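Reading through the structure tokens given below for one structure.
Chains as they are written, first to last, in full-length UniProt numbering: chain A, 1 to 113; chain B, 1 to 113.
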């Protein structure tokens, strides 16, 4: 699917409006940190449906967590039919907060939950 | 004052128990981010009383915010008489979360609050 064939992005803050405190707040939840880390380490090649992450949580809870990440500027989301799919805003995060993604990647080994 | 003359540390998590999500959660508040940034950029040479930061907030609110930082492992606190003073856990944070302090320092220029 080419870029022009993909559904439009759901509302999100533009890169220049990203704020570190807000991004950190979004990442301060273990499940949301997991989402960012998994997108960062496993694949950035496509928009990921919720089910790809393998979380054993109610759909409403996952929908909420993904929305928090999107509204903070951590992920893009697009609506594919009934399903929202996600991708990490790697370039935007690297531009605004150099080192943040390295930090997320490097602390992935000692997850305790 | 030598190390042995300083009051003992208030309870805090040991360095190996620090968790990135918890530290990020503590830093997700603008005032608490300010505390960490100011300690990082302005001085690490002594324990800082609350008043040094120049916040115009009720003492009870400040006490709460400093406690959150201490319990997350971002700062040390010592009780000097009636007053708690704070210092950033620079070595511990660098050891556990390389890049975090650089991130805090480098995004200090675009604070919007």
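Virtual Cβ for every residue (Gly too), placed ideally from N, Cα, C. All values reported here derive from a predicted model rather than from experimental measurement.
(request) Note down, in chain order, all residues in the UniProt domain "HTH arsR-type" (22 to 102) of chain B with a beta-carbon under 7 Å from any beta-carbon belonging to chain A. (result) 24, 25, 27, 28, 29, 30, 33, 97, 98, 99, 100, 102
(request) Mark residue 84/B as exposed unless 16 or more other C-beta atoms lie within 10 angstroms of its C-beta, in which case mark it buried. (result) Walking along the second chain from the start, residue 84/B turns up at place 84. That one is buried.
(message) For chain B, check one thing: does any of its Cβ atoms lie closer than 7 Å to the Cβ of residue 118/A?
(response) Not covered by the structure: residue 118/A. The range shown for chain A is 1 to 113.
(request) For the beta strand (DSSP E) holding residue 88/B, just list the boundary residues, first then last. (result) Start at 1 with the first residue of the second chain, and residue 88/B comes out as number 88. Unbroken beta strand (DSSP E) run through residue 88/B: 83 to 88.
(message) Tell me the rounded alpha-carbon separation between residue 46/A and residue 26/B.
(response) What you label residue 46/A is simply residue 46 of the first chain in a count that begins at 1. What you label residue 26/B is simply residue 26 of the second chain in a count that begins at 1. Between residue 46/A and residue 26/B, the C-alpha separation is close to 32 Å.
(request) Can you tell me which of 103/B, 101/B, 73/B puts its alpha carbon nearest to the alpha carbon of residue 17/B? (result) Within the second chain, numbered from 1, the residue matching residue 17/B stands at position 17. Closest by alpha carbon: 73/B.
(message) For a contact defined as C-beta to C-beta under 9 Å, what are the partners of residue 4/B on chain A?
(response) In the second chain, the residue the question calls residue 4/B occupies position 4. The premise fails here: residue 4/B is roughly 33 Å from chain A at the closest Cβ pair, so nothing lies under 9 Å.
(message) Looking at the strands, I want to know which residues DSSP matches up with residue 75/B.
(response) Looking up residue 75/B in the second chain gives position 75. In the DSSP output, where bridge partners are listed per residue, residue 75/B has 88/B.
(request) Locate the alpha helix (DSSP H) running through residue 37/A, then write down its first and last residues. (result) In the first chain, the residue the question calls residue 37/A occupies position 37. Here the alpha helix (DSSP H) through residue 37/A covers 30 to 42.
(request) Classify residue 93/A as helix, strand or coil using the three-state DSSP reduction. (result) Mapped onto the first chain, residue 93/A falls at position 93. Here residue 93/A sits in helix by DSSP.
(message) Let me confirm a value: residue 86/A is counted as buried when at least 16 other C-beta atoms fall within 10 Å, else exposed. Which label applies?
(response) In the first chain, residue 86/A corresponds to position 86, counting from 1. Buried is the call here.
(message) So, with DSSP's three-state summary, where would you put residue 10/B?
(response) Indexing the second chain from 1 puts residue 10/B at position 10. Of the three classes helix, strand and coil, the one that applies to residue 10/B here is coil, per DSSP.
(request) Would you mind sorting residue 54/A into buried or exposed? The rule is 16 or more other CB atoms within 10 Å of its CB. (result) In the first chain, counting from the first residue as 1, residue 54/A sits at position 54. Classification for residue 54/A: exposed.
(message) Could you pull the DSSP bridge partners for residue 49/A from this structure?
(response) The residue labelled residue 49/A in the question sits at position 49 within the first chain. BP columns for residue 49/A point to 85/A.
(request) Evaluate the contact criterion for the segment 53 to 67 of chain B versus the segment 94 to 106 of chain B: three or more CB pairs, one atom per stretch, below 8 Å. (result) Remark: fewer than three beta-carbon pairs, one from each stretch, lie closer than 8 Å, so the segment 53 to 67 of chain B and the segment 94 to 106 of chain B are not flagged as touching.
(request) Specify, as a first and last residue, the run of the alpha helix (DSSP H) that residue 25/B falls within. (result) By one-based count along the second chain, residue 25/B stands at place 25. From DSSP, the alpha helix (DSSP H) with residue 25/B extends over 20 to 27.
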